[in-house]
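This report refers to the structure that appears directly beneath it.
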Amino acid sequence: MPAHYPFKEIEPKWQKYWDEHKLFLAPESPQKKYMVVPMFIYPSGDIHMGHFRNYTITDALARKKMMEGYEVMHPFGWDAFGLPAENAAIKLGIHPEAWTLKNIEISRETLKRIGICFDWTREVTTCLPDYYKWTEWMFLLMYKRGLAYRTMGKVNWCPKDKTVLANEQVVGGLCWRCDTPVETRELEQWYFKITAYAERLLADIDKLKGWPESVKTMQRNWIGKSTGLEIRFESENGVPLTVFTTRPDTVFGATFMVVAPEHPVLEKLPVPAGKKSEVKAYQEKSRRKTDIERTSAEREKDGVFTGAFALNPLNGEKIPIWMADYVLATYGTGMIMAVPAHDERDFEFAKKYNLPIRPVIAPMEGNVELPYTYTEKAKLINSGAFSDLPCEVGWQKIADKVEAEGKGRRKTEYRLRDWLISRQRYWGCPIPIIHCPKDGMVPVPEEELPVLLPKKVKSFIPEGRSPLADVPEFINTTCPKCNGPAKRDPDTMDTFLCSSWYLFRYADPKNEKAPFEPKKVNTWLPVDNYVGGIEHATGHLLYFRFFTKVLQDAGYVNFDEPARNLFNHGMVLDAQGRVMSKSLGNTVSPIEEIEKEGCDVLRLAMFFAAPSDKEMLWTTEGVLGQSRFLSRFWRLAQELKDYFKAPLHYKVDMHTSTEYDRALYKKLNWAIKKAAEDYADYQFNTVISAVMELLNTFGEVPKDSKVAHYALSKATQLLAPVAPHFSEEIWQILGHKPSILASGWPKHDQQALEETIMTLAVQINGRLRHTVTLPKTMPEVEILKHLQELPKLAPHFEGKSVVKSIYVPEKLINVVVR
RNA sequence: GCCGGAGUGGCGGAAUGGUAGACGCAAGGGACUUAAAAUCCCUCCCCGAUUCUUCGGGGUGCCGGUUCGAGUCCGGCCUCCGGCACCA
Numbered sequence: 004m005p006a007h008y009p010f011k012e013i014e015p016k017w018q019k020y021w022d023e024h025k026l027f028l029a030p031e032s033p034q035k036k037y038m039v040v041p042m043f044i045y046p047s048g049d050i051h052m053g054h055f056r057n058y059t060i061t062d063a064l065a066r067k068k069m070m071e072g073y074e075v076m077h078p079f080g081w082d083a084f085g086l087p088a089e090n091a092a093i094k095l096g097i098h099p100e101a102w103t104l105k106n107i108e109i110s111r112e113t114l115k116r117i118g119i120c121f122d123w124t125r126e127v128t129t130c131l132p133d134y135y136k137w138t139e140w141m142f143l144l145m146y147k148r149g150l151a152y153r154t155m156g157k158v159n160w161c162p163k164d165k166t167v168l169a170n171e172q173v174v175g176g177l178c179w180r181c182d183t184p185v186e187t188r189e190l191e192q193w194y195f196k197i198t199a200y201a202e203r204l205l206a207d208i209d210k211l212k213g214w215p216e217s218v219k220t221m222q223r224n225w226i227g228k229s230t231g232l233e234i235r236f237e238s239e240n241g242v243p244l245t246v247f248t249t250r251p252d253t254v255f256g257a258t259f260m261v262v263a264p265e266h267p268v269l270e271k272l273p274v275p276a277g278k279k280s281e282v283k284a285y286q287e288k289s290r291r292k293t294d295i296e297r298t299s300a301e302r303e304k305d306g307v308f309t310g311a312f313a314l315n316p317l318n319g320e321k322i323p324i325w326m327a328d329y330v331l332a333t334y335g336t337g338m339i340m341a342v343p344a345h346d347e348r349d350f351e352f353a354k355k356y357n358l359p360i361r362p363v364i365a366p367m368e369g370n371v372e373l374p375y376t377y378t379e380k381a382k383l384i385n386s387g388a389f390s391d392l393p394c395e396v397g398w399q400k401i402a403d404k405v406e407a408e409g410k411g412r413r414k415t416e417y418r419l420r421d422w423l424i425s426r427q428r429y430w431g432c433p434i435p436i437i438h439c440p441k442d443g444m445v446p447v448p449e450e451e452l453p454v455l456l457p458k459k460v461k462s463f464i465p466e467g468r469s470p471l472a473d474v475p476e477f478i479n480t481t482c483p484k485c486n487g488p489a490k491r492d493p494d495t496m497d498t499f500l501c502s503s504w505y506l507f508r509y510a511d512p513k514n515e516k517a518p519f520e521p522k523k524v525n526t527w528l529p530v531d532n533y534v535g536g537i538e539h540a541t542g543h544l545l546y547f548r549f550f551t552k553v554l555q556d557a558g559y560v561n562f563d564e565p566a567r568n569l570f571n572h573g574m575v576l577d578a579q580g581r582v583m584s585k586s587l588g589n590t591v592s593p594i595e596e597i598e599k600e601g602c603d604v605l606r607l608a609m610f611f612a613a614p615s616d617k618e619m620l621w622t623t624e625g626v627l628g629q630s631r632f633l634s635r636f637w638r639l640a641q642e643l644k645d646y647f648k649a650p651l652h653y654k655v656d657m658h659t660s661t662e663y664d665r666a667l668y669k670k671l672n673w674a675i676k677k678a679a680e681d682y683a684d685y686q687f688n689t690v691i692s693a694v695m696e697l698l699n700t701f702g703e704v705p706k707d708s709k710v711a712h713y714a715l716s717k718a719t720q721l722l723a724p725v726a727p728h729f730s731e732e733i734w735q736i737l738g739h740k741p742s743i744l745a746s747g748w749p750k751h752d753q754q755a756l757e758e759t760i761m762t763l764a765v766q767i768n769g770r771l772r773h774t775v776t777l778p779k780t781m782p783e784v785e786i787l788k789h790l791q792e793l794p795k796l797a798p799h800f801e802g803k804s805v806v807k808s809i810y811v812p813e814k815l816i817n818v819v820v821r
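Be aware that the first sequence starts at 4, since it is given in our numbering, and climbs by one per residue.
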């Protein structure tokens, strides 16, 4: 173990200093703002290494910007509603609120202890009435704008626990708690009409210049835009059967139709009496399946023939209508034309039930192997007047004809579904709607918000409906319109609603009159840098963008995208490479190591172990190296504190200085330059190694050095974002005025990096043969001449002639000889 | 299956198309010490020579290509990790 620097004294000392001097409070009207935000967390217990990684990243970014003279907002909050609190209540007998607030206390203390520079005056806690009042307000905004609606929807239902389950609580079709097969139930649910924003959410992805490609791709796929054609088939008895297809070029290959079992049109089809019971049985069977079961691609498809037939509008062909649950009622029109020759799913189905398979697309050259799903270098066959057209042309021509004859129209479909936001749970934000037998659904007037969550409920154990439904003093109320008796909506909101607008609240966290003052939000947002894990790519980040657009449309904010830059840090895995999770019990708290080594050492170890965007295995092996590094730094500071003290802006004359000073000064400026580049790329690991290299350059320091003290001061500044307490202390030891955060950011002296001589790598035919030191000014021809005269290189030139040479100034020369 | 990301020493990792392995960990050797810890110095991808500090060859998952020059660019694979997965 190395001799520690006294981190136990200096860490609390500087935390106190920062606090007393209010260094981390974001001003109301910044001149040069920088808002950096880590994704807030669900307070499930204590902070682990994954959180530690996230917050040290934003902390370093925030501190770096402070040193560069920005006014920084670095806020934090708690995503405090949610299921685990109810589970804790059931298991431990503690009220969800008490459990949650206790956890927040613990986590906040931990975060303070690791010196994260949050502006705690802006803290938001989503489960407190001063916050959820405005979540309710957001709901009403959606409602007023026609973006919130209530309708019947399918949910997962565990018959043993008598509860609905979230999709993620259904594991392999079974309840996560009791392994009972999950059923599907129809319940009336609240939805947000995010699909109304599908096109904008998709198109504006192109504006997200500072977002990772991976997230943008995931969002594009999630929204899943497809352009195609709606075509109206007709049943024999004249019932229109409209299908959506992205392949109008294959219409002539439609050999049957498939309708989703829950499709209402089935009532109108001429199903022969003999088929009715079979159809009913299949519908019944499908209904019992969960969406998860139904959409599993591995399952073998099945279905039944309805006995009815339809007519193909293009060729008048009579084709059978089948019913199968591989067709989703919720996408397109809930029925399809099946083209087994050119669709894998239809092919599988046709094979199973011996339905005809007719190829209508063929490659320009070569043979067809069915199913043939390509469109490139392919043409139509067996398609009447359209035969021989290339696919793309046939696509358009058929679409044109269908539109011209009024049998359909071009259409864009999205995979994105509306957002189901209601939950039959206690620990969430109430839905501010009153159900009146006379007036129907009536929104709670804004001045009556918040609808408070009652503290006392009969039981937290879910009975299949919200526990709030069983609290008479909550559920029974009067209608705001007619004053007659009415009932409150018993459901609570999905917690993703709470997290869809919390960043806006940071700009105006104490506002009692509104969720925020638009001016304040427009001052601080869009967020300059939003940092978190990739797991929120298609959930939270999409909802957050959706809310922003709605708030813009409603005139509350003047921007259409909430975050200029998004950074995804890599996951922290345990030493065996497994994801750290509570259920595996392999989470590691940073606290133990912090007590042994200090939190700056742990921060450095974290940063140094891997680039921030890559996943990392957490082991304590690297900790020792960082401990040694800071200890050496510390000892050097003690040694140099009384050496020549240069001013903070200082240039060394490269001609008159000692060789030692020149070399150190050069390395210093190299490090300053490198650190600037690497900080900008989130490459904290190489920032640290650059400072290590600089430290290694000090060696035995001559007493008369005019640079050593200066270089160490600058090195301290470079380290300040990643090792904040340590840097403050060294800064003071070296005789500078605190805080180092106010000391400015070092700029490199280009002159120091400019040399008159260069070290040149010499390649002969692309292979490294030698390195030479030559004056920078030497022209290529002379270098070449010089090389040919070197005895060491003589064997390479012997009996050969120089064909050409490639000279990369100051780096390398490649001589091609033959 | 589709979409991302990644494969470099014993390990974590570094390298604007230009000297592969920076920086650190581990390991081995040495100095200091009564001893240990701490600290400092040296060695540390593989093979072969060697006057002992140099030289030659090979080497960044595999196979090709482009280039004076490829870890880096292009094409085709393999493996691992994430995400999505019957969306017509």
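Quick reminder that beta carbons are idealized off the backbone N, C-alpha and C, glycines included.
- Determine the extent of the alpha helix (DSSP H) in which residue 15 is found, giving its start and end residues. That run of the alpha helix (DSSP H) goes 10-23.
- Item | Rounded C-alpha distance that separates residue 422 from residue 152 | Rounded to the nearest angstrom, the gap between the Cα atoms of residue 422 and residue 152 is 10 Å.
- Cβ distance (whole Å) where residue 636 is taken to contact residue 688 below 8 Å: Rounded, the Cβ-Cβ distance is 17 Å, inconsistent with contact.
- Message: So, for residue 551: in the same chain, excluding its five sequence neighbours on each side, which residues have a beta-carbon less than 6 Å away from its beta-carbon?
- Response: Here the set comprises 565.
- Runs of beta strand (DSSP E) wholly within the segment 126-167 (minimum 3 residues, chain order): With a minimum length of 3 residues, the continuous beta strand (DSSP E) runs that stay inside the segment 126-167 are 151-161.
- Query: Quick one, are the C-beta atoms of residue 480 and residue 432 less than 8 Å apart?
  - Reply: In this structure, residue 480 keeps its C-beta atom at 8 Å or more from the C-beta atom of residue 432.
- So, using beta-carbon positions, are residue 162 and residue 186 closer together than 8 Å? Cβ atoms of residue 162 and residue 186: closer than 8 Å.
- Message: Between which two residues does the alpha helix (DSSP H) holding residue 92 run?
- Response: 86-95 is the span of the alpha helix (DSSP H), which, as asked, contains residue 92.
- Beta-bridge partners of residue 696, as assigned by DSSP: In the DSSP assignment, residue 696 forms no beta bridge with any residue.
- Task: Compare the C-alpha of residue 123 against each of 140, 52 and 23 and name the closest.
- Result: If we check each option's Cα against that of residue 123, 23 comes out closest.
- Task: Grab me the residues of residue 192's own chain with a C-beta within less than 6 Å of its C-beta, minus the 5 sequence neighbours each way, in chain order.
- Result: Excluding sequence neighbours, residue 192 sits near 156, 423 and 425.
- For residue 728, the first and last residue of its enclosing alpha helix (DSSP H): Secondary structure note for residue 728: its alpha helix (DSSP H) is the uninterrupted segment 727-736.
- Task: Check whether the segment 539-547 touches the segment 204-219, taking contact to mean three or more Cβ pairs, one atom from each stretch, closer than 8 Å.
- Result: Taking a cut-off of 8 Å for Cβ pairs, the segment 539-547 and the segment 204-219 touch, as three or more such pairs fall below it.
- Query: What are the partner residues of residue 244, as DSSP defines its beta bridges?
  - Reply: Partner residues in the beta bridge of residue 244, as assigned by DSSP, are 236.
- Item | Nearest-angstrom Cα separation, counted from residue 474 out to residue 489 | Whole-angstrom Cα-Cα distance: 14 Å.
- In the DSSP assignment, find the alpha helix (DSSP H) that holds residue 604 and state where it starts and stops. Note, residue 604: alpha helix (DSSP H), 602-612.
- Helix or strand or just coil, what does DSSP make of residue 420? In the three-state DSSP reduction, residue 420 falls in the coil class, being neither helix nor strand.
- Message: Quick check on the DSSP output: the beta strand (DSSP E) that includes residue 322 runs from which residue to which?
- Response: Its beta strand (DSSP E) spans residues 321-327.
- Item | Best match in 441, 261, 591 and 160 for proximity to residue 468 [C-alpha to C-alpha] | When each option's Cα is compared against that of residue 468, the closest is 160.
- Nearest neighbour of residue 413, chosen from 282, 733 and 403 [CA to CA]: Closest by alpha carbon: 403.
- Query: Counting Cβ pairs, one atom from each stretch, are 3 or more of them under 8 Å apart for the segment 522-538 and the segment 29-39?
  - Reply: Touching, per the Cβ criterion.
- Task: Below 6 Å CB to CB, which residues in the same chain sit around residue 32 once its five sequence neighbours on both sides are set aside?
- Result: Nothing meets the Cβ criterion.
- Message: From the DSSP secondary-structure annotation, give me the bridge partner or partners of residue 250.
- Response: Paired residue(s): none; residue 250 is not in a bridge.
- Kindly list the residues whose CB is nearer than 6 Å to the CB of residue 87, restricted to its own chain and excluding five residues on each side of it in sequence; keep chain order. Residues of the same chain with a CB within less than 6 Å of the CB of residue 87, apart from the 5 flanking positions on each side, are 47 in chain order.
- Message: If you measure between the beta carbons of residue 66 and residue 744, is that distance less than 8 Å?
- Response: Yes, the pair counts as a contact, with Cβ atoms nearer than the cut-off.
- Message: If you follow the beta strand (DSSP E) that residue 190 is in, where does it begin and where does it stop?
- Response: Per DSSP, the unbroken beta strand (DSSP E) holding residue 190 starts and ends at 186-195.
- Query: Counting Cβ pairs, one atom from each stretch, are 3 or more of them under 8 Å apart for the segment 705-718 and the segment 646-663?
  - Reply: Judged by Cβ distances under 8 Å, the segment 705-718 makes contact with the segment 646-663, as three or more pairs qualify.
- Measure the CB-CB distance between residue 750 and residue 761 and report whether it falls below 8 Å. For residue 750 and residue 761, no; Cβs fall outside 8 Å.
- Beta-carbon proximity check, residue 92 vs residue 562, cutoff 8 Å: Here residue 92 is not near residue 562, since their CB atoms are 8 Å or more apart.
- Query: Since residue 226 and residue 419 are thought to touch, with beta carbons under 8 Å apart, how far apart are those beta carbons, to the nearest angstrom?
  - Reply: Contact between residue 226 and residue 419 holds: their C-beta atoms lie close to 5 Å from each other, under 8 Å.
- Message: Tell me which residues share the same chain as residue 7 and place their Cβ nearer than 8 Å to its Cβ, disregarding the 5 neighbours each side in the sequence.
- Response: Once the five neighbours on either side are set aside, the close Cβ partners of residue 7 are 600, 601, 630 and 634.
- Query: residue 77 and residue 61: beta carbons closer than 8 Å?
  - Reply: Result yes, Cβ atoms of residue 77 and residue 61 sit closer than 8 Å.
- Item | Contact check, residue 439 vs residue 400, beta carbons under 8 Å | Going by C-beta atoms, residue 439 is not nearer than 8 Å to residue 400.
- Query: Which stretch, first to last residue, makes up the alpha helix (DSSP H) that contains residue 722?
  - Reply: That run of the alpha helix (DSSP H) goes 711-722.
- Counting pairs of beta carbons, one from the segment 295-313 and one from the segment 345-359, are three or more of them closer than 8 Å? Taking a cut-off of 8 Å for Cβ pairs, the segment 295-313 and the segment 345-359 touch, as three or more such pairs fall below it.
- Task: Would you tell me roughly how many angstroms separate the C-alpha atoms of residue 171 and residue 447, rounded to the nearest one?
- Result: At residue 171 the pLDDT is 49, less than 50, meaning the model places this residue with poor confidence and gives no usable figure here.
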